[in-house]
Each structure stands twice: as structure tokens, then as C-alpha cells.
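Here the protein sequences come in this chain order: A and B. Note that our numbering numbers the first sequence so that position 73 is 103, with each residue one more than the last. Note that our numbering numbers the second sequence so that position 99 is 457, with each residue one more than the last. Beta carbons are placed, not taken as given, at the ideal position from N, Cα and C, and that holds for glycine. First up is the structure itself, then whatever we jot down about it.
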Amino acid sequence: MKNKFSLFVVVIFLSFCFVIFYKGLNTPNNYTPKVNEKKNIPTFKAKDFYSNNYVNSDNIFEENTFYIVNIWASWCVPCRTEHPLLMQLSKNQSIKLIGLNYRDNFNNAKKFIDDFGNPYSRILIDKDGTLGVEFGAYGVPETFLIDKNKNIIKKFVGPINQEIVNEIKLIIK
Amino acid sequence: MKILKIFIILFSVTNFSELKSDEVNDVLKNKILKNIRCLICQGQSVYDSESEFASTIKLVVEKKINEGMEEGQIYKFLRQKYGDWVIYDPQLNKNTYVLWLLPLLLFLLGGAIIFKKLNHKK
Numbered sequence: 031m032k033n034k035f036s037l038f039v040v041v042i043f044l045s046f047c048f049v050i051f052y053k054g055l056n057t058p059n060n061y062t063p064k065v066n067e068k069k070n071i072p073t074f075k076a077k078d079f080y081s082n083n084y085v086n087s088d089n090i091f092e093e094n095t096f097y098i099v100n101i102w103a104s105w106c107v108p109c110r111t112e113h114p115l116l117m118q119l120s121k122n123q124s125i126k127l128i129g130l131n132y133r134d135n136f137n138n139a140k141k142f143i144d145d146f147g148n149p150y151s152r153i154l155i156d157k158d159g160t161l162g163v164e165f166g167a168y169g170v171p172e173t174f175l176i177d178k179n180k181n182i183i184k185k186f187v188g189p190i191n192q193e194i195v196n197e198i199k200l201i202i203k
Numbered sequence: 359m360k361i362l363k364i365f366i367i368l369f370s371v372t373n374f375s376e377l378k379s380d381e382v383n384d385v386l387k388n389k390i391l392k393n394i395r396c397l398i399c400q401g402q403s404v405y406d407s408e409s410e411f412a413s414t415i416k417l418v419v420e421k422k423i424n425e426g427m428e429e430g431q432i433y434k435f436l437r438q439k440y441g442d443w444v445i446y447d448p449q450l451n452k453n454t455y456v457l458w459l460l461p462l463l464l465f466l467l468g469g470a471i472i473f474k475k476l477n478h479k480k
């Protein structure tokens, strides 16, 4: 009876270990912060790209409008890939795009916009990257979808693709 | 001459205290940075990492300390932005009950087994 109980305990323990390791095999080693968590937009003050004046976040985001905040830089190669898609999104009347120019040189960033087009209704300067941290970004490009109640409802890490654009269009419809 | 002496003493005292406060801030900053995980070079702390993310977090932590935020408040801020995982030292919450309580349970279980065996031998 005692032997049977010991065997039962060993089997349970080994099965537990097997399940833990098996689950570990299927989960990625790299941690990515949650992307679907609903958060309020941070309050901040940032410099406008063209006027160089400081603007408050309260004056940027209006209620009852969907916004996309896109973190980009002229030196970022994936940003070039997603740019045509941002241009496509900017034609949609129900959404406004805000660009966050991340750790960039003004002349290079301006050339990037002149060459590829400006999808943004406003561009803000994030010279040292600290504004990106307020949004919970940890790289470039990153895109945030903000709903009509000023909540961040989606976060896309890396360049957006057609599938993501369709998803955004479906949400703002 | 007396006034000059007083001025020199006051000048050196204020400068020394400023230096001390900077040193205190540096110690606190390094302590916090060593406890934050770099999300780009995972496995390295922000203190050790040279990635762009790490250098930005270093600036943010410095800014928050200068704004008068305390250690716990800075961790809370970063947790809100990046989740619990960004801090090396996990807090006790519903996701970490097992992590915190399992060693204690195993310790108690082991103690109970040893106690029972010793009693049995007697």
C-alpha cells in the first residue's frame, strides 16, 4: 500500500515536470509586454516638429476621434516599409495620425517626410526617447491605436502590415 | 576678513552638501537600474545594457529621481508601462503567489518529514 502511494506521488511529480517543460517548449523565450491591455493615454508636453513650440497632450487628442500614434525615425529601416500603409490609413477620414519622431536628426527626418509623404496630422519630437516610454514603447517602429475615449486599445510592435491596417479599419468603422 | 572666512565656510558647506545629494541620487539610480530588466537584451539589467532602450530608461529614471519620485514609485511607473516582468524583484500578487509561497511550503513539508522521521526513530 505504501509502495503504491510512493509510486503514485512519483508519477504525479514527473507528469507535473513534463507539463511544465512541454509548455516551456511552446512559449517564446523573449518577453513582450501585453499588447491588448486598455490604458489611458499619458499626459505629456512635447515639441511640435514644424513649429518647435511645446504642445500639451490635452490639446492634441480630442474626444470622439480615433487616433494612431506611430513612433518612427528616418534611420529606422522597417519604418520605410510601413510608411505606404500609414499613407493609406491617413486617407481615412475617421482617424488621425500622430507621428512621434524618435531620437532623430531634424534634417534627416524632414527629408524622410518630403521623400515619402506626410501621413501625420501632427508630428512630435521625442529627442531622447523618454516620450516613447510614457506610451510604453521599447523600440521603433511601434504603433498605438487610441479610441474615442482617449484610451490606448491596441499596440503593434514592429512595422505594421496590410493585415494590421485591415484590423484597424475594422475597429474604427 | 571675517566676512570672507564666513563666506568661504558657507560656500564649501553648501558645495559639499550638494555633492553628497548627487552621490545619494547616483547610488539610488544605480540600485534601481540594476533591478530593471532590459527588454532588448533580455537577461541583462538596464544598468549593464548599452541598448537604446536601456539608455532611454537610464534617462527616465534620472528624470524621475530629480522630480522627487521614490524608488517604489519609479518601479510602479515602469510596471504600468511594461508589466511586472520588467522588474527583477517580483512583487507578491495573484500571479506570483506560487513563486513566493512554494519554497515556504516545501520548507515546511521537508521540516515536517524530518520531524516525523526523528520522532519515529525515538
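Here the stretch 54-67 of chain A does not lie against the stretch 141-158 of chain A, with fewer than 3 beta-carbon pairs under 8 Å apart. Identification of chain B residues near A:ASN131 by a Cβ-Cβ cut-off of 8 Å yields none; the smallest Cβ-Cβ distance measures about 14 Å. Listed by position along chain B, the residues whose Cβ is nearer than 8 Å to that of A:VAL40 form an empty set, because the closest Cβ is around 15 Å away. Taking C-alpha positions only, B:SER407 is separated from B:CYS399 by approximately 7 Å. Beta bridge pairing from DSSP links A:VAL187 with A:GLU172.
In this structure A:LYS68 is exposed. Its beta-carbon is surrounded by fewer than 16 other beta-carbon atoms within 10 angstroms.
Out of A:ILE71, A:ASN100, A:ALA76 and A:ILE125, the CA that lies nearest to the CA of A:ASN94 is found in A:ILE125. With 16 or more other Cβ atoms from the protein chains shown falling within 10 Å of its own Cβ, A:LEU175 counts as buried. Listed in chain order, the positions of the stretch 54-81 of chain A with a beta carbon within less than 7 Å of a beta carbon of chain B are ASN60, TYR61, PRO63 and LYS64. Beyond the five residues adjoining it in sequence on each side, A:ASP88 comes within less than 8 Å, by CB distance, of THR73 in the same chain, given in chain order. In chain B, no part has a C-beta under 7 Å from the C-beta of A:TYR84; the shortest such distance is about 16 Å. In the structure shown, A:ALA139 adopts helical secondary structure according to DSSP, grouped into three states.
Taking a 10 Å sphere around the C-beta of A:CYS106, we find 16 or more other C-beta atoms and assign the residue as buried. By the beta-carbon neighbour count (other beta carbons within 10 angstroms, threshold 16), B:LYS439 is buried. Going by beta carbons, A:ALA103 and A:LEU161 fall outside the 7 Å limit. The bridge partners DSSP lists for B:LEU464 come to none. Within chain A, the C-beta atoms nearer than 8 Å to that of B:TYR440 come from PRO63, GLY166 and TYR168, in chain order. Here DSSP, grouped into helix, strand and coil, assigns A:ASP158 to coil. B:VAL419 is not a Cβ neighbour of B:ILE445, given a cutoff of 7 Å.
Under the three-state reduction of DSSP output, A:PHE96 falls in the strand class. Restricting attention to alpha helix (DSSP H) runs no shorter than 4 residues, the stretch 393-472 of chain B encloses them at 410-424 and 429-440, ordered along the chain. Using a Cβ-Cβ cut-off of 7 Å, B:PHE411 counts as an interface residue toward chain A, since at least one Cβ of chain A sits closer than that to its own. Put simply, the CB of B:TRP458 is far from chain A, with every gap to its CB atoms at 7 Å or more. With 16 or more other Cβ atoms inside 10 Å of its own Cβ, B:VAL404 counts as buried. Considering only beta carbons, the part of the stretch 150-164 of chain A lying closer than 9 Å to chain B consists of ASP158, GLY159, THR160, GLY162, VAL163 and GLU164, in chain order. Contact annotation, A:PRO189 with A:ASN100: C-beta distance approximately 10 Å; criterion of less than 8 Å not satisfied.
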